[in-house]
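K.L.:
My questions all concern the structure below.
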Amino acid sequence: MTEEEQALLKRHYQTSKDGTVRKRSQCLLLSHQGMRIQALSETFGVQRATISRWFNSWETTKALAISCGRGRKKKLSGLDGKLLKEYVTQSSRSLDTGIAQLAQTHGVQISKKTLQRFLKTRAV
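With the first letter of the sequence shown counted as 1, position 12 gets the number 11 in numbering that gives the first Met the number 0; the numbers rise by one all the way through.
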């Protein structure tokens, strides 16, 4: 590992707001200081394969963060809050008919709680 890479990892470890980046940079620095993979896996509470994956990721892309695009996508991300409010108000504030209308027009199946959370967070 070059001195530039060590300096970069130290800077990431000291200043990054992302806990994942701090943990992985600390792991790489400790490995460079001679700590074995088994000890690193026990220290960080992960499997040996995870440590090896962190090393491979650093060697190939110099990336420490988790990739974007993980997790479940939002069902209502492409819809406008005003449109949903209109569906609900057209049906005399009944959420069930608003949900049925949403499913008919946009093909999106959601629960009543999901619609309530969406309307509440959008302050609609």
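Backbone N, C-alpha and C define an ideal beta-carbon position, used for all residues, glycine too. This structure is a prediction, so every number in the text was calculated from the model and none was measured.
Is residue 63 closer than 9 angstroms to residue 23 when the C-beta atoms are compared?
P.N.:
Yes, they are a contact pair.
K.L.:
Give the C-beta separation of residue 37 and residue 47 to the nearest angstrom, bearing in mind that I take them to be a contact with Cβ-Cβ under 8 angstroms.
P.N.:
7 angstroms between Cβ atoms; contact.
K.L.:
CA-CA distance, residue 39 and residue 26?
P.N.:
Rounded to whole angstroms, residue 39 to residue 26 spans 7 angstroms at the Cα level.
K.L.:
Given this structure, state the Cα-to-Cα distance separating residue 2 from residue 69, to the nearest angstrom.
P.N.:
So the two alpha carbons sit approximately 33 angstroms from each other.
K.L.:
What whole-angstrom Cβ distance do residue 90 and residue 97 have, given they're in contact under 8 angstroms?
P.N.:
Contact flag correct, Cβ pair sits at about 5 angstroms.
K.L.:
One question on the structure: do residue 16 and residue 28 come within less than 9 angstroms of each other, judged by their Cβ atoms?
P.N.:
Against a cut-off of 9 angstroms, the Cβ pair of residue 28 and residue 16 comes out as no contact.
K.L.:
Tell me whether residue 120 sits in a helix, a strand or coil according to DSSP, three-state version.
P.N.:
Helix, per DSSP.
K.L.:
Assign residue 65 to buried or exposed, taking buried as 16 or more other Cβ atoms, counted over all protein chains shown, within 10 Å of its Cβ.
P.N.:
So residue 65 counts as exposed.
K.L.:
Expressed to the nearest angstrom, what Euclidean distance is found between the alpha-carbon atoms of residue 12 and residue 21?
P.N.:
Straight-line Cα distance between these residues: approximately 4 angstroms.
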